[in-house]
Amino acid sequence: MKLIKFVRNVVLFILTAIFLALMLLVSYCMPHYSVAVISGVEVKRMNENENTPNNKEVKTLARDVYFVQTYDPKDKKSVTVYRNEDTRFGFPFYFKFNSADISALAQSLVNQQVEVQYYGWRINLFNMFPNVIFLKPLKESADISKPVFSWILYALLLMGFFISVRSVCTLFKSKAH
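Residues in the sequence shown are numbered consecutively from 1, following the UniProt record's numbering.
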């Protein structure tokens with residue numbers, strides 16, 4: 001009886017960890033929207049170290065990464081920096097090839113209110129920035145887009161989690177008797 005309870009708890013823990021990981025994946029990969037005022041744009045040369053298979057030589061690859069600085073129109077002290085980098089064919093699969101165009105648009109919209117569509121998180125410790133997908137100039141009374149597809153995925157994941165937990169509990173209850 002104790003062994004069955006222990007196994008059930010381990011299965012529930014693993015199930016919870018899997019669903020939390022899926023929720024984090026949806027949170028990172030799906031688009032978010034925010035209203036901001038663009039305060040500046042810059043380009044930084046970033047280096048990536050690529051080790052050769054024999055590990056004797058280190059080749060340095062450089063790429064240009066665009067950054068868009070913004071602030072909250074309600075609170076000018078609340079600033080956000082967005083990375084503007086092509087995803088190309090990599091994960092997450094946005095197939096974004098227009099970072100230079102978005103940077104030019106951002107430069108033309110300095111000191112104007114925009115809707116920023118982005119994915120990702122800002123994590124200072126790892127020097128991570130959310131990546132801009134799209135910029136849209138806003139009028140004063142414009143409505144901001146809503147991440148409806150993300151909400152649907154969250155709802156489906158929660159339903160799947162509760163159904164899975166219920167199934168595991170029912171399975172182990174029948175084994176206990």
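Backbone N, C-alpha and C fix where the C-beta goes; we use that ideal spot for every residue, glycine too.
For residue i, the nearest candidate out of the options (CA to CA)
| i | options | result |
| --- | --- | --- |
| Tyr118 | Leu22, Asp86, Asn127 and Leu158 | Asp86 |
| residue 183 | Asn9, Tyr71, Ile38 and Ala142 | Beyond the ends of the chain as shown, which are 1 and 177, falls residue 183; an answer cannot be given. |
| Asp143 | Leu157, Leu3, Val26 and Val114 | Val114 |
| Ser108 | Ile133, Pro137 and Met46 | Pro137 |
| Val11 | Ser174, Val165, Lys173 and Lys175 | Val165 |
| Ser34 | Gly120, Thr170 and Phe91 | Gly120 |
Cα-Cα separation, residue i to residue j
| i | j | result |
| --- | --- | --- |
| Arg88 | Pro73 | 32 Å |
| Thr52 | Phe126 | Because Thr52 carries a pLDDT of 43, less than 50, the predicted location of this residue cannot be relied on, and no value is offered for it. |
| Asn9 | Phe95 | 41 Å |
| Leu15 | Ser167 | 11 Å |
| Asn124 | Ile4 | 44 Å |
| Cys29 | Asp75 | 27 Å |
| Phe6 | Ala155 | 29 Å |
| Phe93 | Ala36 | 25 Å |
Within 7 Å, strictly: CB atoms of residue i and residue j
| i | j | result |
| --- | --- | --- |
| Phe129 | Tyr82 | yes |
| Leu135 | Ala106 | yes |
| Asn111 | Ser99 | no |
| Val41 | Asp64 | no |
| Val132 | Val68 | yes |
| Leu157 | Met1 | no |
Take every Cβ of the stretch 12–31, pair it with every Cβ of the stretch 152–162, and state whether three or more of those distances are shorter than 8 Å. yes
Quick check on the DSSP output: what are the complete alpha helix (DSSP H) runs of length 4 or more inside the stretch 108–177, in order along the chain? 148–176
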